[in-house]
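In the working numbering, the protein residues as written are 36 to 188.
Ideal Cβ placement from N, Cα and C applies to all residues, glycine included.
Keep in mind the model is a prediction, meaning the values are calculated, not measured.
Please read the structure below before turning to the comments.
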Ligand SMILES: [Zn+2]
Ligand SMILES: [Zn+2]
């Protein structure tokens, strides 16, 4: 279980497994929504009536990402977002971000692998790390934009 390995990892690094650390990780494990910012985590904890300070939440997500339990993501919003880290770093998925509504979806592994393979073939490089982000307009925002344009005519 993820909490067991967190406990072990914290102990080996001389950190204590606190209720706060466990509950923050739980928010990620149980929330269907991924890519949470520290602010989102804080809001969810408050909704669940946990007493925790915002500073503690910020510190905790940072620590959990340093220990490799969370993957820290940056989408140029001026804040970091986090998601549960997968044990196999090779299978890291990548993201598409809607420039209008901020929705973030994931690009499946196969697409990413195909892309990496084709870049390797073209450049002769052996790629062992990558960070790919696509920015655009999600289908919902596209149709919203089309509706606006129709209304204007
Ligand atoms: Zn959108
Ligand atoms: Zn993701």
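Alpha-carbon to alpha-carbon, residue 130 and residue 151: Here residue 151 refers to the residue found at position 116 when the chain shown is read from its first residue. Here residue 130 refers to the residue found at position 95 when the chain shown is read from its first residue. Roughly 14 angstroms separates the two Cα atoms.
Three-state secondary structure (DSSP) of residue 169: Taking the first residue of the chain shown as 1, we reach residue 169 at position 134. Residue state, collapsed to three classes: strand.
Less than 7 angstroms separating the Cβ of residue 138 from some heavy atom of ligand 1? Here residue 138 corresponds to residue number 103 of the chain shown, with the count starting at 1. Residue 138: yes, Cβ under 7 angstroms from ligand 1.
Here's a check: name, in chain order, each residue in its chain whose Cβ is nearer than 6 angstroms to the Cβ of residue 62, leaving out the five neighbours to either side. For this step, residue 62 is matched to residue 27 along the chain shown. These residues qualify, in order along the chain: 76 and 79.
At a threshold of 7 angstroms, does residue 112 count as lining ligand 2 (C-beta to nearest heavy atom)? In the chain shown, the residue the question calls residue 112 occupies position 77. No.
Residue 170 to residue 73, Cα distance in whole Å? Translated into positions along the chain shown, residue 170 becomes position 135. Translated into positions along the chain shown, residue 73 becomes position 38. Going by the C-alpha atoms only, they are around 22 angstroms apart.
With 16 as the cutoff for other CB atoms within 10 Å, does residue 175 come out buried or exposed? Your numbering for residue 175 matches position 140 in the chain shown. Per the 10 Å Cβ criterion, exposed.
Mind checking which residues open and close the beta strand (DSSP E) that includes residue 115? Counted from its first residue, the chain shown places residue 115 at position 80. 115-119 is the span of the beta strand (DSSP E), which, as asked, contains residue 115.
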